[in-house]
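For this note's numbering, count along the sequence shown from 1 and bump the result up by 851.
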Amino acid sequence: MSAGILFVDDEQPVLDACRRALRKKTKIDTALGPNKALELIDSNGGYAVIVSDMRMPEMTGVQLLAEVKRRSPQTVRMMLTGNSDQQTAIDAVNEGDIFRFLNKPCPPDKLWSSVEAALEQHRLIRAEQELLENTLQGAIQVLADVLALVNPEAFGRTTRIKTHVRAVAEALELPDLWRYETMAMLSQVGCVTVPDAVLQKAMQDEALVGEEKTVFARHPAVAADLLTTIPRMEEVAEAIRHQHTDFDSNSDIPMGARILRVALDFERFELATSSDDALDRLRARAPKYDADVISAFERVIGDESGLEARELDISQLTDGMVLAADVMMLQKDTLIVCK
852 MSAGILFVDD
862 EQPVLDACRR
872 ALRKKTKIDT
882 ALGPNKALEL
892 IDSNGGYAVI
902 VSDMRMPEMT
912 GVQLLAEVKR
922 RSPQTVRMML
932 TGNSDQQTAI
942 DAVNEGDIFR
952 FLNKPCPPDK
962 LWSSVEAALE
972 QHRLIRAEQE
982 LLENTLQGAI
992 QVLADVLALV
1002 NPEAFGRTTR
1012 IKTHVRAVAE
1022 ALELPDLWRY
1032 ETMAMLSQVG
1042 CVTVPDAVLQ
1052 KAMQDEALVG
1062 EEKTVFARHP
1072 AVAADLLTTI
1082 PRMEEVAEAI
1092 RHQHTDFDSN
1102 SDIPMGARIL
1112 RVALDFERFE
1122 LATSSDDALD
1132 RLRARAPKYD
1142 ADVISAFERV
1152 IGDESGLEAR
1162 ELDISQLTDG
1172 MVLAADVMML
1182 QKDTLIVCK
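What follows is the structure, given as structure tokens:
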């Protein structure tokens, strides 16, 4: 994201006046109208601060700032307008989530102090996000490491499905791909509560009976309850909670859960048979899955059909090879991640 400042108005003299007012303080970009503003946002990766007029022919300032919020949530949004009625201010706050509302004409010193405050707000937003991301990454890694130590079989399963889950999410053009990788990585964390014998039976597609079935069925909820305590993991937790739920077009099953269900079932079927047979079993159970996910999954597996699995020494790895699963080098405490 650019650290710059963008002023938007449908009158060039107003934009020129803003540039003159701030020329000794900072450099600004200007956009003659909302459409030009959106072009600049897309080409520059967003701005730290955007100051928009209210009344413009292409769309109102409220509509523009609401769209900016959708495209670039970290951008601090302000409105500078000669229309100071109460409803305009209410709409700007509620729909555009603006930081400040300024009236024309705005004295240069007040304009600059408001821009300075907006830049500081943007810095705080970025700092908070970086802190959350670092905390989140650390928490995810700790949970994955615990799973690898306590239950290597379950950890192995997550590494096998992670590539498929991400590839399907990409094929479906879903945003925030990191969420889907995380869902795959942590989908089996609850298996630390499942006895090894039960887990082995489940992974080998053997029928579970009585208490075995109850214990295994509980592991998604165990993982989800744990993950809901971590900031920004609510969507991941809900997807993991519903990873065994049959698809129903009338229900609100998270997309992540729909992808996990297909990837996990395929992995389980493939271990017992082959890729082709596993796909046939998925097709035979089609009503249990989202049709769009199955279609994307078939394309992903089709792209892999030309690949050959071989066991090699680590020293034999070369550029262009694709790992079938993550490789842990214990002597150097290094994890090579499959992509």
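All residues carry an ideal CB built from backbone N, CA and C; glycine is no exception.
Treat the numbers as computed from the prediction; the structure is a model and nothing was measured.
Judged by DSSP secondary structure, residue 954 falls within the beta strand (DSSP E) whose first and last residues are 951-954. Per DSSP, reduced to three states, the secondary structure at residue 960 is helical. Excluding the 5 residues flanking it on each side, residue 1147 has same chain C-beta neighbours closer than 6 Å at 1019, 1022 and 1023, in chain order. Just measuring C-alpha positions, the residue of 991, 960, 999 and 924 sitting nearest residue 977 is 924.
In the DSSP assignment, residue 859 falls within the unbroken beta strand (DSSP E) covering 856-860.
Rounded to the nearest whole angstrom, the CA to CA distance from residue 1068 to residue 1080 is 21 Å.
The shortest C-alpha to C-alpha distance from residue 992 to any of 1006, 1142 and 980 is the one to 1006.
Bounds of the alpha helix (DSSP H) holding residue 1008 are 1003-1022. By the beta-carbon neighbour count (other beta carbons within 10 angstroms, threshold 16), residue 1032 is buried. With respect to the 8 Å criterion, residue 1025 and residue 1106 are classified as neighbours on the basis of their beta carbons. Secondary structure note for residue 903: it is in no alpha helix (DSSP H), and the uninterrupted beta strand (DSSP E) holding it is 900-903. DSSP, reduced to helix, strand and coil, places residue 1037 within a helical segment of the structure shown. Counting only residues of its own chain and dropping the five nearest sequence neighbours on each side, residue 1140 has a CB closer than 6 Å to the CB of 1098 and 1113. Counting the other CB atoms within 10 Å of its CB gives residue 1013 a total of 16 or more, which places it among the buried residues.
Ranked by how close their Cα comes to the Cα of residue 1075, the residues 1060, 1095 and 1061 have 1095 in first place. The beta carbon of residue 959 sits closer than 8 Å to the beta carbons of 872 and 873 from its chain, once the five residues preceding and following it are set aside; these are given in chain order. Look at residue 977 here: in three-state DSSP terms it is helix. Using a Cβ-Cβ distance cut-off of 8 Å, the stretch 950-968 and the stretch 1045-1065 are not in contact, since fewer than three pairs of beta carbons, one from each stretch, lie closer than that value. DSSP, read as helix, strand or coil, puts residue 1079 in coil.
Taken in chain order, the whole alpha helix (DSSP H) runs of length 4 or more contained in the stretch 1116-1145 are 1126-1135.
DSSP, read as helix, strand or coil, puts residue 1054 in helix.
In this structure, DSSP gives residue 928 an extended state, which the three-state scheme calls strand.
DSSP lists 858 as the bridge partner or partners of residue 881. DSSP places residue 1065 within a helical segment (H, G or I) once states are collapsed to three. Rounded to whole angstroms, the Cβ separation of residue 969 and residue 929 is 6 Å, and the two are in contact under 8 Å.
Counting the other CB atoms within 10 Å of its CB gives residue 1041 a total of 16 or more, which places it among the buried residues.
Rounded to the nearest whole angstrom, the C-alpha separation of residue 1134 and residue 1053 is 21 Å. When secondary structure is reduced to three states using DSSP, residue 1164 falls in the coil class, being assigned neither helix nor strand. If you compare the alpha carbons of 860, 1150, 1087 and 856 with that of residue 955, the shortest gap goes to 860.
Counting other Cβ atoms within 10 Å of its Cβ, residue 1167 stays below 16 and is therefore classed as exposed. In the structure shown, residue 1148 falls within a helical segment according to DSSP collapsed to helix, strand and coil.
Judged by DSSP in its simplified three-state form, residue 1026 adopts coil rather than helix or strand. Taken through DSSP and simplified to helix, strand or coil, residue 1096 comes out as coil.
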